[in-house]
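Number of protein chains: 2
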Amino acid sequence: MSQQQSNDVEEPVVTEDAISIPKPRGMKTIEVDDELMQDIRELAREKAGTILLNILTDLHAADIGEIVNRLDQEDREFIFNLFDNETASSVLLELDPAVRQELLELLPSEKISNYVGFLASDDATDVVAELEPQVAEEVLEAMPKEDSAEVKELLQYAEDTAGGIMGTEFVSVHNNDTIHRAIRAVREQAKEQQTIYHVYVVNDDGALVGMMPLQSLVLTSPYRRVYKVMEQDVKSVRTDMDQEEVAVMFRKYDLITVPVIDSEGKLVGQITIDDIVDVIEQEHSEDVARMVGSDAEELEHRSPAQIAMLRLPWVLITLLLEFVAGMVVHFFDATLSKVILLASFMPIISALSGNTGLQSAAIVVRGIATGHVSLDRWWQPVIRQFQTTLIIGSVCGFVLGGIAGAWQGKIAFGLVVGLSMFISINISGFVGTCTPMISKRLGFDPAMTAGPFETAFQDVIGITLFLSMATAMLRWIA
Amino acid sequence: MSQQQSNDVEEPVVTEDAISIPKPRGMKTIEVDDELMQDIRELAREKAGTILLNILTDLHAADIGEIVNRLDQEDREFIFNLFDNETASSVLLELDPAVRQELLELLPSEKISNYVGFLASDDATDVVAELEPQVAEEVLEAMPKEDSAEVKELLQYAEDTAGGIMGTEFVSVHNNDTIHRAIRAVREQAKEQQTIYHVYVVNDDGALVGMMPLQSLVLTSPYRRVYKVMEQDVKSVRTDMDQEEVAVMFRKYDLITVPVIDSEGKLVGQITIDDIVDVIEQEHSEDVARMVGSDAEELEHRSPAQIAMLRLPWVLITLLLEFVAGMVVHFFDATLSKVILLASFMPIISALSGNTGLQSAAIVVRGIATGHVSLDRWWQPVIRQFQTTLIIGSVCGFVLGGIAGAWQGKIAFGLVVGLSMFISINISGFVGTCTPMISKRLGFDPAMTAGPFETAFQDVIGITLFLSMATAMLRWIA
Chain A
458 MSQQQSNDVE EPVVTEDAIS IPKPRGMKTI EVDDELMQDI RELAREKAGT
508 ILLNILTDLH AADIGEIVNR LDQEDREFIF NLFDNETASS VLLELDPAVR
558 QELLELLPSE KISNYVGFLA SDDATDVVAE LEPQVAEEVL EAMPKEDSAE
608 VKELLQYAED TAGGIMGTEF VSVHNNDTIH RAIRAVREQA KEQQTIYHVY
658 VVNDDGALVG MMPLQSLVLT SPYRRVYKVM EQDVKSVRTD MDQEEVAVMF
708 RKYDLITVPV IDSEGKLVGQ ITIDDIVDVI EQEHSEDVAR MVGSDAEELE
758 HRSPAQIAML RLPWVLITLL LEFVAGMVVH FFDATLSKVI LLASFMPIIS
808 ALSGNTGLQS AAIVVRGIAT GHVSLDRWWQ PVIRQFQTTL IIGSVCGFVL
858 GGIAGAWQGK IAFGLVVGLS MFISINISGF VGTCTPMISK RLGFDPAMTA
908 GPFETAFQDV IGITLFLSMA TAMLRWIA
Chain B
458 MSQQQSNDVE EPVVTEDAIS IPKPRGMKTI EVDDELMQDI RELAREKAGT
508 ILLNILTDLH AADIGEIVNR LDQEDREFIF NLFDNETASS VLLELDPAVR
558 QELLELLPSE KISNYVGFLA SDDATDVVAE LEPQVAEEVL EAMPKEDSAE
608 VKELLQYAED TAGGIMGTEF VSVHNNDTIH RAIRAVREQA KEQQTIYHVY
658 VVNDDGALVG MMPLQSLVLT SPYRRVYKVM EQDVKSVRTD MDQEEVAVMF
708 RKYDLITVPV IDSEGKLVGQ ITIDDIVDVI EQEHSEDVAR MVGSDAEELE
758 HRSPAQIAML RLPWVLITLL LEFVAGMVVH FFDATLSKVI LLASFMPIIS
808 ALSGNTGLQS AAIVVRGIAT GHVSLDRWWQ PVIRQFQTTL IIGSVCGFVL
858 GGIAGAWQGK IAFGLVVGLS MFISINISGF VGTCTPMISK RLGFDPAMTA
908 GPFETAFQDV IGITLFLSMA TAMLRWIA
């Protein structure tokens with residue numbers, strides 16, 4: 458797209474002795490396949506450290522992390538100990554939490570301090586937060602004062618707030634500085650950072666007053682004052698803002714970074730989009746897990762006993778609700794024993810309507826999350842889902858009613874089965890659509906009410922409806 | 458963090474006449490609440506155009522988009538027509554697809570061309586792709602040749618490939634250029650773009666050979682040659698790469714942008730992280746929808762009839778599977794009519810085990826998506842889920858068996874109910890864990906097999922198990 462004509466009228470702002478940007482370590486990316494793993498395992502067993510280092514050293518830390526994840530503990534330890542501190546620190550970040558924990562438990566605090574010292578403040582904080590309290594203290598003790606102060610400060614913020622995900626690495630300049638000085642500030646601060654996207658502007662009190670994209674340093678006359686070229690409408694978040702709200706903001710305004718301010722408006726950190734992608738992923742996992750009656754924490758390598766404890770409350774509530782369904786069946790024992798074939802259609806009706814309810818609920822939960830569903834216009838999804846279930850209910854009612862009528866040899870029996878199917882699919886779609894919106898309005902997580910409750914509740918309704926209709930029509934269906 | 462000392466030894470590279478970066482339009486962000494909407498509706502009804510423009514003009518396009526979304530059609534049209542072309546074009550992008558379509562249908566092709574002309578190539582392509590073929594042609598006709606050629610080129614790529622989401626706006630320099638010339642290239646190309654993150658390096662054939670972060674332009678001597686300072690290990694994707702694979706790459710390597718090359722290695726476009734965030738959201742919607750037996754397309758404002766057609770195949774397959782469960786019940790009619798209370802426990806057992814299966818499946822599907830679950834180590838989730846369901850199954854079996862035994866007044870009855878509960882929860886957790894991994898290995902979408910099939914299949918197993926045990930123990934439970 459470019460190839461410029463030579464037309465060098467302007468003088469350089471940076472001379473030959475300029476700081477060169479820190480060359481990132483290995484950046485080559487590969488596919489970690491079974492064959493490669495086989496080779497690496499063999500080399501690890503032969504303790505062929507030099508060859509291994511030759512293979513691994515040029516790779517991107519994410520790939521090395523994947524390889525280390527896939528090794529068994531002994532090989533893992535051997536290979537990890539080959540790395541220099543800088544490599545080890547970036548690989549550490551890429552490991553599965555469980556693998557990282559195992560490795561960290563084997564390492565002396567001093568070594569951990571060395572690794573943590575190479576990390577960006579937010580990553581360093583995450584690693585320290587994962588350590589046993591006593592080890593964490595030793596690690597912080599062994600770190601340079603400046604670094605440990607940063608980490609200690611970040612540790613104070615709740616994990617799921619803007620403060621908890623921000624880093625303290627950012628480039629800021631004073632609003633009275635010239636662009637020329639701003640460039641020098643970027644140069645000095647660039648030593649610590651791989652990529653800079655924006656330069657923030659603060660006033661005498663350290664309060665955030667503006668922002669400049671990095672390119673404006675290249676594009677503006679160096680003699681101009683920062684406050685004349687900066688953007689004043691800068692979006693910022695407070696340290697105590699919920700991380701999910703921060704994520705919504707990133708998505709809505711297509712942000713790459715956002716500055717974080719404390720309660721007095723002082724610039725204290727920066728959140729970058731890669732951390733937000735993690736928040737979005739975490740949010741997704743939470744939604745899925747809650748929709749089926751578990752918790753996102755389940756994904757984070759908890760012990761089976763802990764997972765069972767997470768799930769059991771929901772399971773037992775579902776059991777209770779289903780027990781109500783069982784009592785309904787019991788209430789209609791007389792009808793059932795007269796027309797035992799009803800028992801064959803019970804599971805079909807409750808499964809299909811439960812499923813329809815779950816579909817509607819899942820679609821609405823997702824719609825709320827993506828903004829496709831707005832509570833202001835709650836009737837829109839209700840009408841859409843209702844029109845949809847009218848069609849699905851008709852088809853299912855017709856098919857199942859037809860089969861039932863033919864099987865029992867009585868039109869009335871087909872009518873009871875078909876009509877129950879039709880009605881309960883529609884009720885269930887309606888309830889499934891409304892429940893998440895009502896929970897949201899009441900301030901609960903819509904995903905939490907979408908799953909097992911929905912199906913259990915639908916079982917009670919479906920079975921009651923089916924068996925009462927059958928009882929009412931008993932003389933024609935028996 | 459910064460405040461530099463004055464120490465201006467170097468000369469400026471950019472003089473006073475430098476191009477100033479295009480100041481983005483409104484950037485102020487607000488909370489769009491009911492009160493604001495009320496005011497805006499009133500003003501729209503009074504046709505108070507100037508006041509409305511005063512309110513709206515400073516806002517971020519995303520906020521204006523939210524406001525326009527929430528208006529009814531008449532007010533919406535009035536307000537939209539107030540905007541200048543540039544504002545209208547950015548607001549257009551922020552609208553719900555359905556709202557956008559309604560608006561576009563009302564506009565003459567020429568006006569649409571004006572709007573599209575202001576958009577980045579990838580956004581322009583998305584808007585044109587949404588138009589009726591004939592309108593699209595007229596719009597492209599009315600656009601400047603250069604812009605329409607770009608859009609036409611982008612339209613050729615499949616929507617869900619790297620080519621389909623890339624933009625043609627990027628900054629590239631020749632590998633033999635000096636840094637000084639590269640800065641000029643950025644200046645010239647910056648006119649078209651709001652934010653530049655990286656500068657790509659190409660050779661004589663236009664092939665991508667390297668990359669520089671923007672800051673290296675500020676940090677390196679302007680006399681050096683580009684090829685000496687560029688990073689050579691640059692990650693790129695081919696136009697035909699699946700967008701989900703691109704998203705995986707962004708996440709794994711924490712990328713902000715990635716260059717796109719054609720089959721001959723020529724640099725043709727760039728993908729930025731905000732488009733990837735959309736891909737991640739879309740992917741997740743797809744997973745959730747498939748897990749409940751629908752399709753992600755359902756979220757995109759399809760007609761109820763179309764949604765019903767999307768869902769019906771899955772519903773009917775579920776009906777078929779559930780019908781098998783019904784036949785199993787029928788097979789055990791004799792047992793059921795002797796111990797009618799069994800019918801009360803049937804729905805409880807099938808619901809709880811179905812639910813456990815869905816939990817395991819959802820957790821594994823999500824684990825595969827996030828990389829927590831690797832098929833190489835398939836036994837890890839199987840063992841974990843199995844240990845978990847052992848605990849959950851024991852608790853549920855114990856509770857339900859206790860209730861059942863007490864109710865019927867027979868220990869054997871409690872034993873049959875409790876044991877069936879315990880066994881079917883464990884089978885169901887096992888099947889739920891394995892099915893998504895097997896589908897993945899076979900090349901299917903793991904989410905597709907997680908939902909209704911899982912529960913229907915579990916109904917058949919749970920009911921068969923329960924009623925055969927009851928039949929075997931009939932003489933002790935009746």
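Which chain is which? The protein sequence lines are A and B, in order. Converting from the first sequence to our numbering requires adding 457 to each position, the first position being numbered 1. Converting from the second sequence to our numbering requires adding 457 to each position, the first position being numbered 1. Ideal Cβ placement from N, Cα and C applies to all residues, glycine included. Model, not experiment: these values are computed from the prediction.
Using a Cβ-Cβ cut-off of 8 Å (strictly less than) and excluding sequence neighbours within five positions of Gly-667/B, which residues of its own chain qualify?
-> Asn-632, Tyr-657, Val-658, Val-683, Tyr-684, Met-687, Glu-688, Gln-689, Val-691
Checking contacts by CB at 8 Å: is Thr-652/A closer than that to chain B?
-> yes
Taking Cβ positions only, does Pro-893/A come closer than 8 Å to chain B?
-> no
How would you label Lys-609/A, buried or exposed, when you count the other beta carbons within 10 angstroms and need 16 or more for buried?
-> Answer is exposed; the Cβ neighbour count stays below 16.
Which residue comes first and which comes last in the beta strand (DSSP E) that contains Ile-718/A?
-> Where Ile-718/A is concerned, the enclosing beta strand (DSSP E) stretches over 714-718.
Okay, do the stretch 712-719 of chain B and the stretch 868-885 of chain B touch, 3+ Cβ pairs below 8 Å being the bar?
-> no
Residue closest to Phe-887/B, alpha-carbon to alpha-carbon, out of Phe-901/B, Met-905/B, Gly-814/B, Arg-834/B | Gly-814/B
Alpha carbon of Gly-854/B to alpha carbon of Phe-879/B, nearest angstrom | 5 Å
Length of the line joining the Cα atoms of Asp-604/B and Val-643/A | 36 Å
Please report the residue range of the alpha helix (DSSP H) in which His-787/B lies.
-> 761-788
Which class does Asp-662/B belong to by DSSP, given the choice of helix, strand or coil?
-> coil
Tyr-572/B touches chain A at which residues, Cβ-Cβ below 8 Å?
-> In chain order: nothing, as chain A lies at least about 18 Å away.
Are the C-beta of Glu-499/B and some C-beta of chain A separated by less than 8 Å?
-> no
Verify whether the separation of the beta carbon atoms of Met-748/B and Ala-907/B is less than 8 Å.
-> Yes, the pair counts as a contact, with Cβ atoms nearer than the cut-off.
Residues from the stretch 702-729 of chain B in contact with chain A, defined by Cβ distance under 7 Å = If the cut-off is 7 Å between Cβ atoms, the stretch 702-729 of chain B has Arg-708, Lys-709, Tyr-710, Asp-711, Ile-713 near chain A.
Could you list which residues in chain A have their beta carbon closer than 7 Å to that of Arg-768/B, in chain order?
-> Gln-816, Ile-849
Between Met-698/A and the rest of its own chain, which residues show a CB-CB distance below 7 Å, the 5 nearest in sequence each way excluded?
-> Thr-618, Ala-619
Could you check if Arg-533/A is buried or exposed, using at least 16 other CB atoms within 10 Å of its CB as the buried criterion?
-> Flag for Arg-533/A reads buried.
Which term fits Leu-516/B, buried or exposed, when burial requires 16 or more other beta carbons within 10 angstroms of its beta carbon?
-> Result: buried.
Reduced DSSP category for Thr-729/A - H, G, I as helix; E, B as strand; rest coil | strand
Beta-carbon proximity of Ala-765/B to Ile-848/A, cut-off 8 Å | yes
CB-CB under 8 Å to Asp-916/B, same chain, minus the five flanking residues each way: which ones, in chain order?
-> Cβ neighbours of Asp-916/B beyond the five flanking positions: Leu-778, Glu-779, Ala-782, Ser-807, Gly-811.
First and last residue of the uninterrupted alpha helix (DSSP H) at Ser-678/B | Element bounds for Ser-678/B: n/a, residue is neither H nor E.
How about Ile-521/A and Met-494/A: are their beta carbons less than 8 Å apart?
-> no
Please name the residue, chosen from Leu-552/B, Glu-626/B, Asn-542/B, Val-796/B, that lies closest to Asp-579/B on a Cα-to-Cα basis.
-> Glu-626/B
Which residues share a DSSP beta bridge with Leu-563/A?
-> Bridge partners of Leu-563/A: none, in fact.
Please work out which residues of its chain come closer than 7 Å, Cβ to Cβ, to Val-596/A, disregarding the five sequence neighbours upstream and downstream, and give them in chain order.
-> Ser-566, Ile-569, Ser-570, Val-573, Val-585, Leu-588
Quick one: measure Cβ to Cβ for Leu-922/A and Ser-881/A, integer angstroms, because I've assumed they're closer than 8 Å.
-> 5 Å
Under 9 Å between beta-carbons, which chain A residues line up against Lys-897/B? List them in chain order, please.
-> Going along chain A, no residue has its Cβ under 9 Å from Lys-897/B, so there is no contact; the nearest lies around 16 Å.
Residues from the stretch 777-789 of chain A in contact with chain B, defined by Cβ distance under 8 Å | Those residues of the stretch 777-789 of chain A that come within reach of chain B (Cβ to Cβ, closer than 8 Å) are Glu-779, Phe-780, Ala-782, Gly-783, Met-784, Val-786, His-787.
Own chain residues within Cβ distance below 7 Å of Gln-646/B, not counting five before or after | Val-628
CA-CA distance, Pro-479/A and Leu-611/B?
-> Residue placement at Pro-479/A cannot be trusted, given a pLDDT of 42 that sits under 50; what the coordinates show is reported in the next sentence. In a straight line, the C-alpha of Pro-479/A is about 36 Å away from that of Leu-611/B.
Could you pull out every residue in the same chain whose Cβ sits closer than 8 Å to the Cβ of Ile-920/B, ignoring the five residues on either side in sequence?
-> Ala-782, Val-785, Val-786, Met-803, Ile-806, Ser-807
When DSSP builds the beta bridges, which residues end up paired with Glu-688/A?
-> Met-668/A
is_contact[Thr-845/B, chain A] using C-beta, thresh 8 Å | yes
State yes or no: is the beta carbon of Val-925/B nearer than 8 Å to at least one beta carbon in chain A?
-> Residue identity differs from the one stated: residue 925/B is Ser in this sequence, not Val. It does not: the Cβ of Ser-925/B has no partner Cβ on chain A nearer than 8 Å.
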